[in-house]
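K.L.:
Here it is, the structure, as structure tokens.
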Amino acid sequence: MQHASHSNASKSSSMTDSSGQIRLNQANIDELQKLKGIGEKKAQAIVEYRQKNGGFKNIDEFKNVKGIGPAIFEKNKARLTL
Numbered sequence: 001m002q003h004a005s006h007s008n009a010s011k012s013s014s015m016t017d018s019s020g021q022i023r024l025n026q027a028n029i030d031e032l033q034k035l036k037g038i039g040e041k042k043a044q045a046i047v048e049y050r051q052k053n054g055g056f057k058n059i060d061e062f063k064n065v066k067g068i069g070p071a072i073f074e075k076n077k078a079r080l081t082l
């Protein structure tokens, strides 16, 4: 009889919540690309910004990422969380 040594929780549960919001401080590149107007390069820039600055302190900081302007922020702000 085999027993699992630990729970195998869904990886996506750490990146999004049940309402489909994206957790900026935890989401990986694939998850970030689900946002409107975010491709691989912008997703990588988000991850690099997060690493350089020790994470996002508020949602408005998302606009500080290179390539993220007010239009992209407005399209996605309802889905962003920390």
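Taking UniProt numbering, the leading residue of the sequence shown gets 1, the next gets one more, and so forth.
Don't be surprised by glycine CBs; every beta carbon is placed ideally from N, CA and C.
A quick note: this is a predicted structure, and the numbers were derived from the prediction, not measured.
Run through DSSP, which three-state label would Leu-80 get?
P.N.:
strand
K.L.:
Tell me whether Ile-59 sits in a helix, a strand or coil according to DSSP, three-state version.
P.N.:
helix
K.L.:
Nearest to Ile-29 by CA position, among Ala-45, Ser-19, Gly-20, Gln-21, is which residue?
P.N.:
Ala-45
K.L.:
Sort out for me which residues DSSP pairs Arg-23 with in a bridge.
P.N.:
Thr-81
K.L.:
Run the CB neighbour count on Leu-82, radius 10 Å, all protein chains shown included, and call it buried at 16 or more, exposed below.
P.N.:
exposed
K.L.:
Quick one: Cα of Gly-39 to Cα of Lys-57, how far?
P.N.:
23 Å
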